[in-house]
Amino acid sequence: MKWTIGELNLRKIVILIVLASIILGCSAYHVKSTEYAKLFSVRNHSGYVILRDTSGRKIVLFNSKKPDIKADLFIKVPVRRVVVLSTGIVSYIEALNSTDSIVGVPHCKWYYRNIEEYLKKGKIKDVGTVENPNYEEILALKPDVVFIPAKFISGSVVRKFKSLGIPYVSCGYWLEENPIGKLEWIKFFGYFLGKERLATEYFNSAEKRIMRIEEKVRGLNKTKVVYALILNGRILVPGGKSYHAKLVEMAGGSYVFSDINSAGYVTISKEELLAKASNADVFIAVYMGTPVSIKEITEQVPGIANTKPFRERRVYAMQPWIWQHSCEVDRILEDLTAILHPAVYSHKLVMFRRLN
Numbered sequence: 001m002k003w004t005i006g007e008l009n010l011r012k013i014v015i016l017i018v019l020a021s022i023i024l025g026c027s028a029y030h031v032k033s034t035e036y037a038k039l040f041s042v043r044n045h046s047g048y049v050i051l052r053d054t055s056g057r058k059i060v061l062f063n064s065k066k067p068d069i070k071a072d073l074f075i076k077v078p079v080r081r082v083v084v085l086s087t088g089i090v091s092y093i094e095a096l097n098s099t100d101s102i103v104g105v106p107h108c109k110w111y112y113r114n115i116e117e118y119l120k121k122g123k124i125k126d127v128g129t130v131e132n133p134n135y136e137e138i139l140a141l142k143p144d145v146v147f148i149p150a151k152f153i154s155g156s157v158v159r160k161f162k163s164l165g166i167p168y169v170s171c172g173y174w175l176e177e178n179p180i181g182k183l184e185w186i187k188f189f190g191y192f193l194g195k196e197r198l199a200t201e202y203f204n205s206a207e208k209r210i211m212r213i214e215e216k217v218r219g220l221n222k223t224k225v226v227y228a229l230i231l232n233g234r235i236l237v238p239g240g241k242s243y244h245a246k247l248v249e250m251a252g253g254s255y256v257f258s259d260i261n262s263a264g265y266v267t268i269s270k271e272e273l274l275a276k277a278s279n280a281d282v283f284i285a286v287y288m289g290t291p292v293s294i295k296e297i298t299e300q301v302p303g304i305a306n307t308k309p310f311r312e313r314r315v316y317a318m319q320p321w322i323w324q325h326s327c328e329v330d331r332i333l334e335d336l337t338a339i340l341h342p343a344v345y346s347h348k349l350v351m352f353r354r355l356n
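Residue numbers (the working numbering): 1 to 356.
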């Protein structure tokens, strides 16, 4: 089975993560009109809105009369028929109470019950994978828009969309380094769905919740945290400028690889991991398509069982559905805060699990 974003098979995931890490160091479209997000922009005009997606394309959204201006794509809103090629986008649409607008989703294991039910009933169609979309199925669905994952989709797929006249929009929510910037993408999708007000309300509420969490742990001793992806003996860790590093900071922690000057994943040696983990308090295993256990980690990294997090049983892993809940940054932060400061922030974990 092929997977999307957080559900890709293990053979491909290392290559994809490394490529994404390289891309993150390249120039991207930056904006001035959002509070936190850097990979989209919006400009309001009378009767229409101009958006710039992550690829920098000019998207014009209009309600009734199409404006006489130049643009890469014109879309009449609110959209009624949406195809998504990135699982995480569903969480934004779900938060805007617009799941009924989805007519096509990528092939993967779904953790949204209503998506599974709609697929079984035929209300939503499986449109293939992000690497190999079913173009005929997508065309048959007559989508108003297809949301694709920026930087993750091949140039050949984009060219095919263009040649077929499929209205696609590049979404880089998953590339945002600031967690609140990732959350702010709900405003982006709100414009397409005619839910601008609800999107702003959702964002403001979640932002306040995040600030309350940060305030609660401010001044506490920093919990030292390791994030690591271990695959077939290879170790990759998020850099010090990454989304994960920022989340740790917001949760009252200190990320042990903060000295790595990267926003993507970086390969390190087993010796480097052991050296950092020996002085850490918490170890978090990154989920990328397969369940992880302490047995698997200790077998691939001999000696790690003797490090502090493993001795004190403070080893955790992401839940497999975490990537499908990209919009729920506040819930993810709440979980992480409970892991780092359980005596101060009591909370039942949803996005992470403790490994025994």
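Backbone N, C-alpha and C define an ideal beta-carbon position, used for all residues, glycine too.
Along the alpha helix (DSSP H) that carries residue 331, what are the first and last residues, could you check?
-> Within the sequence shown, numbered from 1, the residue matching residue 331 stands at position 331. Per DSSP, residue 331 belongs to the alpha helix (DSSP H) from 329 to 340.
Helix, strand or coil at residue 398 according to DSSP, with G and I counted as helix = Any answer about residue 398 is impossible in this case: the structure gives the chain only from 1 up to 356.
Would you mind reading off the limits of the alpha helix (DSSP H) that contains residue 152?
-> Working through the sequence shown from its first residue, we reach residue 152 at position 152. Per DSSP, residue 152 belongs to no alpha helix (DSSP H) and is neither H nor E.
So, using beta-carbon positions, are residue 93 and residue 74 closer together than 9 Å?
-> On the sequence shown, position 93 is the one that residue 93 refers to. On the sequence shown, position 74 is the one that residue 74 refers to. Result no, Cβ atoms of residue 93 and residue 74 do not sit closer than 9 Å.
Determine which residues share a DSSP beta bridge with residue 224 and list them.
-> The residue given as residue 224 occupies position 224 in the sequence shown. Paired residues: 254.
Residue from 184, 189, 178 whose Cα sits closest to the Cα of residue 148 = Residue 148 sits at position 148 when you count from the first residue of the sequence shown. Comparing C-alpha distances from residue 148 to each of 184, 189, 178 shows the shortest one belongs to 189.
Should residue 228 go down as buried or exposed, given a rule of 16 or more other Cβ atoms within 10 Å for buried?
-> One-based indexing of the sequence shown puts residue 228 at position 228. So residue 228 ends up on the buried side.
Would you call the CB atoms of residue 309 and residue 282 closer than 9 Å?
-> Within the sequence shown, numbered from 1, the residue matching residue 309 stands at position 309. Within the sequence shown, numbered from 1, the residue matching residue 282 stands at position 282. Closer than 9 Å, so yes.
Residue 354 classed as buried or exposed, judged by whether at least 16 other C-beta atoms fall within 10 angstroms = Here residue 354 corresponds to residue number 354 of the sequence shown, with the count starting at 1. So residue 354 ends up on the exposed side.
Do residue 185 and residue 37 have their C-beta atoms within less than 9 Å of each other?
-> For the purposes of this step, residue 185 is taken as residue 185 along the sequence shown, with counting starting at 1. For the purposes of this step, residue 37 is taken as residue 37 along the sequence shown, with counting starting at 1. Result yes, Cβ atoms of residue 185 and residue 37 sit closer than 9 Å.
Reducing DSSP to helix, strand and coil, say where residue 173 ends up.
-> By 1-based counting over the sequence shown, the position of residue 173 is 173. Residue state, collapsed to three classes: helix.
Span of the alpha helix (DSSP H), counted from its first residue to its last, around residue 211 | Translated into the one-based positions of the sequence shown, residue 211 becomes position 211. Residues 196 to 217.
Could you check the C-alpha separation between residue 87 and residue 249 for me, to the nearest Å?
-> Numbered from 1 along the sequence shown, position 87 holds the residue referred to as residue 87. Numbered from 1 along the sequence shown, position 249 holds the residue referred to as residue 249. Put simply, the backbone Cα of residue 87 is about 26 Å away from that of residue 249.
Helix, strand or coil for residue 355, going by three-state DSSP, please let me know.
-> In the sequence shown, the residue the question calls residue 355 occupies position 355. Looking at residue 355 - three-state DSSP - the assignment turns out to be coil, as it is neither helix nor strand.
Hey, out of 266, 251, 239, whose CA is closest to residue 258's CA?
-> Here the question's residue 258 lines up with position 258 in the sequence shown. Comparing Cα positions, the closest option is 239.
Exposed or buried, what is residue 343 when buried is set at 16 or more other beta-carbons lying within 10 Å of its beta-carbon?
-> As a first step, residue 343 must be located in the sequence shown, where it is residue number 343. Classification of residue 343: exposed, given that the 10 Å Cβ count is below 16.
In chain order, which continuous runs of the alpha helix (DSSP H) of length 4 or greater are located wholly inside the segment 276 to 323?
-> 294 to 300, 308 to 311
Please classify residue 68: is it buried, with 16 or more other beta-carbons within 10 angstroms of its beta-carbon, or exposed?
-> As a first step, residue 68 must be located in the sequence shown, where it is residue number 68. Residue 68 is exposed by the Cβ-count criterion.
Does the Cβ of residue 181 have 16 or more other Cβ atoms within 10 Å, making it buried, or fewer, making it exposed?
-> If you number the sequence shown from 1, residue 181 lands on position 181. Buried: at least 16 other Cβ atoms inside 10 Å.
CB residue 296 to CB residue 230, shorter than 9 Å?
-> For this step, residue 296 is matched to residue 296 along the sequence shown. For this step, residue 230 is matched to residue 230 along the sequence shown. Yes, these two residues count as a Cβ contact at 9 Å.
Is residue 104 near residue 141, with beta carbons less than 9 Å apart?
-> Sequence index remark: in the sequence shown, residue 104 carries index 104 (1-based). Sequence index remark: in the sequence shown, residue 141 carries index 141 (1-based). Yes.
Between the C-alpha atoms of residue 350 and residue 274, what's the straight-line distance to the nearest angstrom?
-> Taking the first residue of the sequence shown as 1, we reach residue 350 at position 350. Taking the first residue of the sequence shown as 1, we reach residue 274 at position 274. Roughly 28 Å between the two C-alpha positions.
Report, in whole angstroms, the separation of the C-beta atoms of residue 341 and residue 219, which I expect to be a contact under 8 Å.
-> For the purposes of this step, residue 341 is identified with residue 341 of the sequence shown, where counting begins at 1. For the purposes of this step, residue 219 is identified with residue 219 of the sequence shown, where counting begins at 1. Wrong, their Cβ atoms sit about 11 Å apart, outside the cutoff.
Roughly how many whole angstroms lie between the Cα atoms of residue 329 and residue 100?
-> If you number the sequence shown from 1, residue 329 lands on position 329. If you number the sequence shown from 1, residue 100 lands on position 100. About 23 Å.
Using the C-alpha atoms, what's the distance from residue 223 back to residue 114?
-> Position 114 of the sequence shown, counting from 1, holds the residue named residue 114. Position 223 of the sequence shown, counting from 1, holds the residue named residue 223. Going from the Cα of residue 114 to the Cα of residue 223 covers about 38 Å.
What residues are listed by DSSP as bridge partners for residue 57?
-> Walking along the sequence shown from the start, residue 57 turns up at place 57. The partner list for residue 57 (beta bridge, DSSP) is empty, contrary to what the question assumes.
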